[in-house]
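Listed in order, the protein sequences are those of chains A, B and C. Going by our numbering, the first sequence wraps up at 303, each residue one higher than the last. Going by our numbering, the second sequence wraps up at 360, each residue one higher than the last. Going by our numbering, the third sequence wraps up at 274, each residue one higher than the last. Heads up: the structure comes next, in structure tokens.
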Amino acid sequence: MTDTTTRDDSADAAAVATPELEAVNERQKRRRGLWLALPAWVYLAVFFAIPLAIVFVYSFATRNRFGGTDLSGWNLDSYRALGGDLVRAVLVRSVVLAVITTVICLVISYPFAYFMATRSTRTRNLMLVMVMIPFWTNFLVRNYAWYVILGTDGPLSTITETVGLGETRFLFTQTAVVLGLVYGFLPFMILPLYASIERIDGRLLEASRDLYATGAQSFRRVLLPLSMPGIVAGSILVFIPSLGAYVTPVILGGAKTTLLGGYIVTQFLEARNWPFGAALSSVLMIIMLGATVVYFRKGGQTL
Amino acid sequence: MGGPSVTAAVELSGVTKRFGDVVAVDNIDLAIADGEFFAMLGPSGCGKTTTLRMIAGLEFPTEGSLQIFGDEMGTLPPNRRPVNTVFQNYALFPHMSVRENVSFGLRMQGMSKSETASRTSTLIELVQLGGMEKRKPDQLSGGQQQRVALARALVNEPKVLLLDEPLGALDLKLRQEMQDELKTLQRELGVSFVFVTHDQEEALTMSDRIAVMHEGRLLQVGSAEEIYERPSNRFVADFIGQTNLIDGTVADRDTIVLANGSKVAATTGHVAGTSVAMSLRPEAMHIGRPEDIPATHATSSLTGTVTEVNYLGVALVYRIAVDWIELEVRAPTVSEVDRLKPGETASVWWARETAQVVAD
Amino acid sequence: MAGENITEPRGATKWLLRANASFVYIFFYIPILVLIVFSFSDNRNVGVWGGFTLDWYRDFAESDNTREALWNSVQIGLVATVISVVLGTASALALERFKFRGRAVFDALLYLPIIIPDVTMAVMMLLFFSEAAELFGFSKGFATITLSHIAFSISFVSVVVRARLGGMNDRLEEAAMDLYATRWQAFRYVTLPLIMPGILGGGLLALTLSLDDVVITQFVTGPGWTTLPVYVFGLIRKGVTPLINAVSVVMLVASTILVVLSLIAQRIRGGDTV
């Protein structure tokens, strides 16, 4: 906010209006907007856009014998390596687990969001806050909590043993990873679903019933189509981070259940194959961008 | 407006406002006198609010001169114009108390604390909000909010007060009360009030003069009576009050040929061949049986069939089908036996001077 | 707001919906409760109850490593929050109130950090700072972590402030100008107080995100520099001790305090949220 009164007091302020003056004014106004946006613009250009571009560039570079990266001899080797067995296994596993996570979240969240929409304003707000609190608490801590619960001799196992079901061994399995992901990302599904269901006029459902729709028909023909933007938004918001998840698989999945996120990290911090890691990141980014396009096409709005 | 006259409070000459390709206000000339209660009336989107916003400085004209008491305002920002605005829905600052709202303008002008305090108190008393100074806008009723908005503008002693649909958010009863209050206030203060409304009744009852706007153009400026009784064109005739518009063509100075070929007498005011409409107010017509038409009104009458009669207490509203049109006629209530019934043949006639001929 | 509430279904559906809702809340809160309980457990196994003790909290308080990591987290969080609040608020104002060249591109660029996965962002920052370190010769640590956190926090602040600005009646600014306020005064006395809840909310969100981040920080940190979550993550990978329970509970309490503060901030009255 650099300019205040100074520009207002320009000498030509009291001139008779002309299209030229209006254009000058319009330009000034635009410039003010640009100045306001400029710091963030520059910041994001330097610390986001350029890094993004570097990742793409790296994905075409070559890994040298010392684990470094030569920015020369550009090639598609890293992308070819995506076809390898291990990579394919990781990719498939990641997608499968991300899909399962998304479906479970949707199945739990839809009735929940619907129920929330039937409540009074006061209750809704309280319910919303109760969803927001775990959403805001530390992600790492939330995953770790499941580590404690599921661990050998942990509370869950103790309970199942006491009731005679024998000890449970969930920790370091894919089930545990899905559990952790659902736990972590459930609010991402609930919030957009709730936002879109809450907007629906209840009278529409009543009208459909009045027009001889059964409960199921009314759901399928009215509620479901109207809440579609929320379903799409929620699914994308759960699917994308699940696909790129790193912390959850490491804590709850152990060494055996490497997912895409963890695999990428490994390329940088352990295997030191940066070009390959960059290629994997690029793929993840492209999936993400594709999903975003779908999201906006479906008329979604931001969270 | 010829000859030198007293400087107008607000004068627009050739003012046009374009938003991209849309012409919101189209080449308007308008002079508002000092001390006048002036209404700008028109349907939504007619450019009346844009015109008001240009006077306030919230919008700058694309072209044209806009003067306030002889000073060119052109592209002067709102904070440097001697006018204040009562916004639609008031736009009271929700985070400030009544007192803070009212004193805002004075504080922004850097007026001394004591002066600010005393003028604020005076205005709060004037609009009868004493004792509510500490309340926030959302703790006030609609009528009280309206008064705060008034006080907040008037405390600055503007040379012209602009009001954008000031009564739009109030219920009917309150609206009527506030109409009287506004009128009284304006008379006491003696400053010009320029107010925008889409409610013709409000405009007719409150203002000294009315400007009717439509699609960015100024169609007619005049007193309530002038506008109601002598509309300058078809839109004004149709927009102000209820009327029957009968299409026809000018035959000569005193005759119009209607669409069905019948001739009626009227002061046409247009050259022969012009297509016009004749505006007949429902209450300006007499109704009876064909044999009741006075001989003097032979050429200012129409005959048709009653299709509907509605009882409104003091009046009866007849709908009468005449060939290609249906007329609405409002007549004093008569006993049921004397009433014309649907299906009966009925005639209407009118005094020649009440038929207004308007072009498109 | 259009229309009426959806009415609650009758019969079995009603009870299924209620059961599901209860399940969701139990699911959300049980792990948190379990964690809190076991942080007081006098047993070296993190999931086994061995009587009440405060030893783990004492260890936490006495450990130089955790104290230092905590202090690092707080410093980074505060600096990142302040900068991203300023940049994010300015960009929200620009986007909500002005048209300017490149607006659409800017808008899109602002959305990306929100939707991009952590890991990708981490990779981006790692490669960027490695290249930059080679060019300009600086060591990674406080600055690189803070710069990275700002890069994603600006967007979140901007979204929250924009929502607030969008809900604010923009006639209010005009009213202020009509009442002799300059553009700056209108901003200072009308706009700013009314969007303050959004700014506070956005700031607290930025702080929470900064205090939460593991992946990005892990990628851009340098030798000798660690934040609390990265430290804890390292401990978990090495082998857990109940000390982690205690540290976790401290982090839990900190983030809960932040949520509550932000909810209070959102509730502060002001602005016709039409």
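Yeah, the Cβ is synthetic: ideal placement off N, Cα and C, and Gly gets one too.
Counting the other CB atoms within 10 Å of its CB gives A:Arg221 a total below 16, which places it among the exposed residues. With respect to the 8 Å criterion, A:Ser78 and A:Phe268 are not classified as neighbours on the basis of their beta carbons.
Legend: CB atoms of the region 67-88 of chain B lying less than 9 Å from CB atoms of chain C belong to residues Pro77, Pro78, Asn79, Arg80, Arg81, Val83, Asn84, Thr85, Phe87, Gln88. The beta carbon of A:Val90 does not come within 8 Å of any beta carbon belonging to chain C, so the residue lies off that interface. Looking at C:Val160, C:Gln185, C:Arg171, the one whose alpha-carbon comes closest to that of C:Ser84 is C:Val160. Around the C-beta of B:Gly190, fewer than 16 other C-beta atoms lie within 10 Å, and the residue is accordingly described as exposed.
When DSSP assignments are scanned along the region 175-202 of chain C, the uninterrupted stretches of alpha helix (DSSP H) that are 4 or more residues long and fall wholly within it turn out to be 183-186. DSSP places B:Val155 outside both helix and strand once states are collapsed to three, so it counts as coil. B:Thr268 is not a Cβ neighbour of B:Val358, given a cutoff of 8 Å.
C:Gly202 has its alpha-carbon roughly 41 Å from the corresponding atom of A:Arg169. For the region 82-157 of chain A, not one full-length beta strand (DSSP E) segment reaches 3 residues or more.
In this structure, A:Ala17 sits away from B:Phe19, with a CB-CB distance that is not shorter than 8 Å. Here C:Val250 carries a helix assignment [DSSP, helix/strand/coil]. Leaving aside the five residues that flank A:Ala279 on each side, the residues in its chain whose CB is nearer than 7 Å to its CB run, in chain order, Ser59, Ser78, Tyr79, Leu82. When DSSP reads this structure, C:Phe106 sits in no beta bridge, so it has no partner. Counting along the chain, C:Val157 sits inside the alpha helix (DSSP H) bounded by residues 142-167.
Nearest Cα to C:Phe28 within the set A:Glu26, A:Ile159, A:Ala14, A:Met127: A:Met127.
Here the region 94-104 of chain A makes contact with the region 175-185 of chain A; the two share three or more CB pairs at distances below 8 Å. With respect to the 8 Å criterion, C:Ala176 and C:Ala163 are not classified as neighbours on the basis of their beta carbons. With 16 or more other Cβ atoms from the protein chains shown falling within 10 Å of its own Cβ, B:Ala151 counts as buried. Within the same chain, Cβ atoms closer than 7 Å to the Cβ of C:Leu204 are found at Leu258, Leu261, Ser262, Ala265, the five residues on either side in sequence being excluded.
For the C-beta of C:Leu200, not a single chain B residue is nearer than 7 Å; the gap to the nearest is close to 14 Å. Scanning chain A for C-beta atoms nearer than 8 Å to the C-beta of B:Gly64 yields Val16, Ala17, reported in chain order.
Proximity of the region 29-45 of chain B to the region 205-214 of chain B meets the contact definition, three or more beta-carbon pairs being nearer than 8 Å. With a 10 Å radius around the Cβ and a threshold of 16 neighbouring Cβ atoms, B:Ala331 comes out buried. Using a CB distance cut-off of 8 Å, B:Met54 does not count as an interface residue toward chain C.
Neighbours of A:Arg65 in chain C, taken as residues whose beta carbon is under 9 Å from its own, are absent, since the nearest beta carbon is some 18 Å off.
Contacts between B:Phe60 and chain A, judged by CB atoms closer than 7 Å, involve Ala17, Glu22, Asn25 in chain order. For A:Met228, the nearest beta carbon of chain C is not closer than 8 Å to its own beta carbon.
The Cβ atoms of B:Ser192 and B:Ala237 do not sit closer than 8 Å to each other. Among the bridge pairs identified by DSSP, B:Val25 is matched with B:Lys17. Of B:Pro158, B:Thr205, B:Asp199, the smallest CA-CA separation from B:Glu181 is found for B:Thr205. If you compare the alpha carbons of A:Gly254, A:Ile287, A:Ile236 with that of A:Leu106, the shortest gap goes to A:Ile236. Contacts with chain B at 8 Å (Cβ-Cβ) include C:Pro193. Linking B:Val334 to B:Thr62 through their CA atoms gives a straight-line distance of about 57 Å. For B:His95, the closest Cβ of chain C is nearer than 8 Å.
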